[in-house]
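In my numbering, the protein residues as written are 138 to 358. Note that the Cβ used here is the ideal one computed from N, Cα and C, for glycine as well.
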Amino acid sequence: WKTFEMPQDALSMGGQELMKYFGNRQIYIRNDATLNRTRAYMHDFLTYLQESRDTGLDMVSFGWQANGTFLCGEKLISKDGTVAAWRPAKALRGVSPWVRSKGDRQAWIDMTKIVDSPEGHVIGFSMLVAVCGLLLPGSGIPSFIYSLYSRDTGTGKTIGLLLGNSFFGHPTKLLIVPRDTENSLYQIMGSLGHLSLSMDEVTTMSDERLAEFAFQAQTGR
């Protein structure tokens with residue numbers, strides 16, 4: 138028997154990368170079906186280990202990882218589109234139940250039709266801003282703030298936030314408000330990584346706290 142160290146990204150990316158890893162160690166798998174079964178077995182075993190003890194393979198934030206994979210909820214998406222189950226770190230477990238794929242796709246399509254009108258274009262644009270965080274690593278910009286303001290009520294500001302949240306998880310659970318504690322606010326900001334953070338009723342903040350929040354949000358943490 139021989140023991141080999143396997144880097145996390147080799148297992149998560151799968152496909153040719155995983156085949157190359159095995160081949161370089163003179164482990165030959167003849168077809169894709171056997172490779173997929175081997176990979177599934179290794180994931181099952183890794184899941185068992187993670188459930189029984191903490192490991193150094195836990196992710197510390199959602200979004201892009203150093204190896205080029207992307208973590209959203211408990212799904213780790215590789216460069217070739219392969220999706221694998223992965224357990225977030227303890228710091229993410231308070232947020233991870235609300236960051237995942239769940240619900241009905243057709244219901245989401247029907248809901249978003251409300252912005253498909255001239256009156257809804259600002260709200261639709263605000264919804265799309267929520268996915269812009271995915272592009273930041275290639276832009277050289279660590280983070281940005283987008284503010285949606287109106288003196289009138291009922292103009293759809295909160296709906297825009299909820300629709301943006303719906304790209305990545307539970308719309309209302311991911312919506313924070315100014316009265317949330319500082320610890321809660323910055324924990325969520327750090328956990329979401331390249332996913333957007335939405336806050337409703339920002340104008341109820343004091344000037345001092347709003348300035349502090351705006352500064353911290355743009356430090357790229």
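Asked: Neighbourhood of Thr-192 by C-beta, 6 Å cutoff - its chain only, sequence neighbours within 5 removed; Found: Confidence at Thr-192 is low in this model, with a pLDDT of 47, below 50, so its placement is unreliable and the value that follows should be read with caution. No residues qualify anywhere along the chain.
Asked: Beta-carbon proximity list for Glu-154, same chain, < 7 Å, skipping 5 on both sides; Found: Ala-147
Asked: Ser-280 versus Val-220, Ser-233, His-307, Cys-269, residue with shortest Cα-Cα distance; Found: Cys-269
Asked: Enclosing alpha helix (DSSP H) for Leu-347 [first to last residue]; Found: 344 to 354
Asked: Ala-244 - DSSP class collapsed to helix/strand/coil; Found: helix
Asked: Beta-carbon proximity list for Pro-274, same chain, < 6 Å, skipping 5 on both sides; Found: Trp-201
Asked: Inter-residue spacing [alpha-carbon to alpha-carbon] between Gly-297 and Ile-260; Found: 5 Å
Asked: For Tyr-178 and Gln-163, the rounded distance between their alpha carbons; Found: 19 Å
Asked: CB of Thr-206 within 9 Å of CB of Ser-198, strictly; Found: no
Asked: Of the residues Val-232, Ala-228, Val-236, the one placed nearest Lys-212, counting alpha carbons only; Found: Val-236
Asked: Residue environment, Gly-210, which counts as buried when at least 16 other CB atoms sit within 10 Å; Found: buried
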